[in-house]
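Chains as they are written, first to last, in the working numbering: chain P, 16 to 129; chain L, 1017 to 1127.
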């Protein structure tokens, strides 16, 4: 079974801090994604990566960056955290030729920015 | 932009009740519709992948149908159990790296 592991379940950070959210998958998947989930809204794509060192903006990339130095690891970086980045963050992965196959998600990181 | 609507937003049922909820979309410009179950403190897990109009999938007490012509998919749970309590997400895979998610239906099953 695919395992996607997010390093923290809960995080509390202060406004202006630099925040790193880490995600590791163990199934050799090429594609990795970062989503955020807010009440009343569907999951929204922040960034994705289809290969090591490759990254693409999703629908809401502002205020975020990502890093993929190794195939199994995809990091989301908040350069200067703001209160409107308080949210649930979900990492996901999928194989290269995913077609209609579903995504494999981590358990999520609930980030609070005060 | 394709919009995915799920209704109701939340649902409270008694153990043993059968229930269903809806995912609706304005057009059939997608390759697959996914249903996920997301239990508290766990990861969303795929339940079904629907790809054809008239597609119907079943897993135990849970089943799903897809009607692309009318623009909806239904998820049915027969004889709800407390362990069915979760948020059920509908998502449309539109190709490439793009999946559009609905806001989910939160189901509470009371013992």
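Every residue, glycine too, gets a C-beta built ideally from N, C-alpha and C.
- Item | Range of the contiguous beta strand (DSSP E) that encloses residue 80(P) | 79 to 85
- Item | Pair within 9 Å by beta-carbon distance, residue 120(P) and residue 107(P) | Cβ atoms of residue 120(P) and residue 107(P): closer than 9 Å.
- Could you work out which residues of chain L lie near residue 27(P), taking near to mean beta carbons separated by less than 8 Å? Near residue 27(P) there are no residues of chain L at all, since even the closest Cβ is about 17 Å away, more than 8 Å.
- Query: Going by other Cβ atoms of all chains shown within 10 Å of its Cβ, with 16 needed for buried, is residue 75(P) buried or exposed?
  - Reply: exposed
- residue 1024(L) CB to nearest chain P CB: under 9 Å? no
- Task: Please compile the residues from chain L whose C-beta is within a distance smaller than 7 Å of the C-beta of residue 93(P).
- Result: Neighbours of residue 93(P) on chain L: none; closest Cβ ~22 Å, over 7 Å.
- Message: Which residue marks the beginning of the beta strand (DSSP E) containing residue 37(P), and which one marks its end?
- Response: 34 to 40
- By a C-beta neighbour count over all protein chains shown, 10 Å radius and 16 as the cutoff for buried, is residue 1138(L) buried or exposed? A question about residue 1138(L) goes unanswered here, because the residues of chain L that appear run from 1017 up to 1127.
- Task: Within its chain, find whatever has a CB closer than 7 Å to the CB of residue 73(P); leave out the 5 residues flanking it on each side and keep chain order.
- Result: 60, 61, 62 and 63
- Query: Does residue 1105(L) have its Cβ less than 9 Å from a Cβ in chain P?
  - Reply: yes
- Cβ-based contacts, 7 Å cut-off: residues of the segment 20 to 47 of chain P near chain L: Listed by position, the residues of the segment 20 to 47 of chain P near chain L (Cβ gap below 7 Å) are 46.
- Is the CB of residue 1118(L) under 9 Å away from at least one CB in chain P? yes
- Listed in chain order, which residues of the segment 1062 to 1077 of chain L have Cβ atoms closer than 7 Å to some Cβ of chain P? 1062, 1065 and 1067
- Item | Distance between residue 1046(L) and residue 1111(L) (C-alpha atoms, nearest Å) | 7 Å
- Message: Pairs of beta-carbons, one from the segment 38 to 47 of chain P and one from the segment 78 to 95 of chain P, closer than 8 Å: are there three or more?
- Response: yes
- Residues of the segment 63 to 78 of chain P with Cβ closer than 8 Å to any Cβ of chain L, in chain order: Against chain L - using a Cβ distance shorter than 8 Å - the residues of the segment 63 to 78 of chain P are 63, 65 and 71.
- Item | Pick from 1053(L), 1091(L), 1116(L) and 1035(L) that is closest to residue 1071(L), judged by C-alpha positions | 1091(L)
- Query: Of the residues 80(P), 67(P) and 38(P), which one's Cα is nearest the Cα of residue 18(P)?
  - Reply: Ranking 80(P), 67(P) and 38(P) by Cα distance to residue 18(P) puts 38(P) first.
- Query: Considering only C-alpha positions, which residue in the set 1029(L), 1076(L), 1018(L) and 1049(L) is nearest to residue 1122(L)?
  - Reply: 1029(L)
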